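In my numbering, the protein residues as written are -4 to 182. A virtual CB, placed ideally from N, CA and C, is assigned to each residue, including glycine. All values reported here derive from a predicted model rather than from experimental measurement. Beneath this line is the structure, given in structure tokens, with notes to follow.
The following block contains the structure:
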């Protein structure tokens, strides 16, 4: 099998299929195991490309989870109400460290583990201080969040990319609980 952070093994994809169906059944949602003709990496002979979608209707919103054989796991939700907020949280890398040094505004939460690991930018720093409470901060550290964004234009869109095992039912349920808590606080 090909070893790369972007390529999922056949075994992992089979687990996603099995366990996302479990979650779809448990939450009365819809699971899509989409196989299409594409320049597939794992199946170059038949060129079959696998991607996965899990849609759950929870708390009046539609939660969309996506993954594929060569893409990172992602959560997206376009909220049914608009919140006038822009929020971007990213892991701090060399580019962000240089930007911070040159004066880029970064919201500090007073938690060294979070403040050293993430860059937090928003048009509403005071609201973000209360939004990102200790429960949310603890979750960020537990899942090793890659990025989170909230964008408000005509609608409010939430996108989260965590480092979790999306093929594991318990990790997915914990992530779903986190999302529900985060979105309730956002309202």
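Kindly indicate which three-state DSSP category residue i falls into: helix, strand or coil?
{"i": "residue 127", "result": "coil"}
{"i": "residue 85", "result": "strand"}
{"i": "residue 104", "result": "coil"}
{"i": "residue 44", "result": "strand"}
{"i": "residue 2", "result": "coil"}
{"i": "residue 23", "result": "coil"}
{"i": "residue 182", "result": "coil"}
{"i": "residue 80", "result": "coil"}
{"i": "residue 7", "result": "helix"}
{"i": "residue 29", "result": "strand"}
{"i": "residue 183", "result": "This structure gives no information on residue 183, because the portion of the chain shown stretches from -4 to 182."}
{"i": "residue 18", "result": "helix"}
{"i": "residue -3", "result": "In this predicted model, residue -3 has a pLDDT of only 38, less than 50, meaning its place in the structure is not dependable enough to derive any value."}
Could you give the residue range of the beta strand (DSSP E) that holds residue i?
{"i": "residue 115", "result": "113 to 117"}
{"i": "residue 74", "result": "66 to 74"}
{"i": "residue 57", "result": "56 to 63"}
Please determine, among the options, the residue with the shortest C-alpha to C-alpha distance to residue i.
{"i": "residue 12", "options": "122, 87, 61", "result": "61"}
{"i": "residue 121", "options": "82, 151, 141", "result": "82"}
{"i": "residue 108", "options": "87, 117, 148", "result": "87"}
{"i": "residue 43", "options": "54, 49, 31", "result": "31"}
{"i": "residue 4", "options": "21, 63, 20", "result": "63"}
{"i": "residue 113", "options": "132, 166, 20, 16", "result": "132"}
{"i": "residue 21", "options": "164, 175, 177", "result": "164"}
{"i": "residue 156", "options": "166, 70, 102, 100", "result": "70"}
{"i": "residue 10", "options": "167, 118, 116, 125", "result": "167"}
{"i": "residue 52", "options": "116, 68, 72, 67", "result": "72"}
{"i": "residue 116", "options": "100, 175, 149", "result": "100"}
{"i": "residue 151", "options": "104, 74, 161", "result": "74"}
{"i": "residue 104", "options": "127, 179, 136", "result": "127"}
{"i": "residue 149", "options": "54, 76, 49", "result": "76"}
If residue i sits next to residue j, beta carbons under 8 Å apart, how far is it from one beta carbon to the other, in whole angstroms?
{"i": "residue 181", "j": "residue 57", "result": "With 8 Å as the limit, residue 181 and residue 57 do not qualify as a contact, their Cβ atoms being about 15 Å apart."}
{"i": "residue 47", "j": "residue 27", "result": "7 Å"}
{"i": "residue 65", "j": "residue 2", "result": "6 Å"}
{"i": "residue 123", "j": "residue 102", "result": "6 Å"}
{"i": "residue 84", "j": "residue 140", "result": "7 Å"}
{"i": "residue 176", "j": "residue 130", "result": "7 Å"}
{"i": "residue 7", "j": "residue 172", "result": "Actually they are not in contact, since the Cβ atoms of residue 7 and residue 172 sit about 23 Å apart, beyond 8 Å."}
Taking only runs that begin and end inside the segment 117 to 180, name each unbroken beta strand (DSSP E) of 3 or more residues, in chain order.
140 to 147, 151 to 157
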